[in-house]
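Residue numbers (my numbering): 26 to 131. Note that the Cβ used here is the ideal one computed from N, Cα and C, for glycine as well.
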Amino acid sequence: MDLAEFERSTHFNEREKRALRLTVALTRTPAEVPDELFVVLRGEFSERELVELTNAIAWENYRARFNRTFAIESENFSKGQFCPLRNGDVSFGGWCGSGRCDRGGD
Numbered sequence: 026m027d028l029a030e031f032e033r034s035t036h037f038n039e040r041e042k043r044a045l046r047l048t049v050a051l052t053r054t055p056a057e058v059p060d061e062l063f064v065v066l067r068g069e070f071s072e073r074e075l076v077e078l079t080n081a082i083a084w085e086n087y088r089a090r091f092n093r094t095f096a097i098e099s100e101n102f103s104k105g106q107f108c109p110l111r112n113g114d115v116s117f118g119g120w121c122g123s124g125r126c127d128r129g130g131d
């Protein structure tokens with residue numbers, strides 16, 4: 026999987042890469058979407074699509090941060106799967122199926 030290297034990957038088309046750029050921007054702290062990116066997104070996605078995409082990203086960020094607060098662990102639905110983050114990269118944050126991948130794994 027090329028998710029961590031999506032900018033250079035041939036597995037994602039330009040529309041998907043734009044959605045992933047928004048994901049990265051909204052997942053960082055503080056969450057900031059550059060004007061240039063927003064203009065490109067408005068040209069690629071309808072208003073409804075952009076609202077739905079932003080809602081999905083925001084919900085996953087909320088869920089991940091909520092779970093961290095209470096140390097809620099995975100229920101192993103994806104046990105044995107890998108975390109697509111580069112080693113030590115915390116820009117995506119969140120949990121992977123086997124533990125906290127942004128802290129070096131458990």
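Exercise for the section: Pull up the distance between the alpha-carbon of Glu100 and that of Asn92, whole angstroms please. Expected result: Sequence index remark: in the sequence shown, residue 100 carries index 75 (1-based). Sequence index remark: in the sequence shown, residue 92 carries index 67 (1-based). In a straight line, the C-alpha of Glu100 is about 12 Å away from that of Asn92.
Handout entry: Limits of the alpha helix (DSSP H) - the one that Arg46 falls within
Key = Reading the sequence shown from its first residue, position 21 is the one you call residue 46. Note, Arg46: alpha helix (DSSP H), Glu39 to Thr52.
Handout entry: Per-residue DSSP class, three states only, for Glu30
Key = As a working mapping, residue 30 is identified with position 5 in the sequence shown. Note: Glu30 maps to helix in three-state DSSP.
Handout entry: Three-state secondary structure assigned by DSSP to Gly68
Key = Here residue 68 is taken as the residue at index 43 of the sequence shown, counted from 1. Looking at Gly68 - three-state DSSP - the assignment turns out to be helix.
Practice task
Whole angstroms is fine: what's the gap from Leu28's alpha carbon to Glu61's?
Solution key: Along the sequence shown, read from residue 1 onward, the residue named residue 28 stands at position 3. Along the sequence shown, read from residue 1 onward, the residue named residue 61 stands at position 36. Whole-angstrom Cα-Cα distance: 22 Å.
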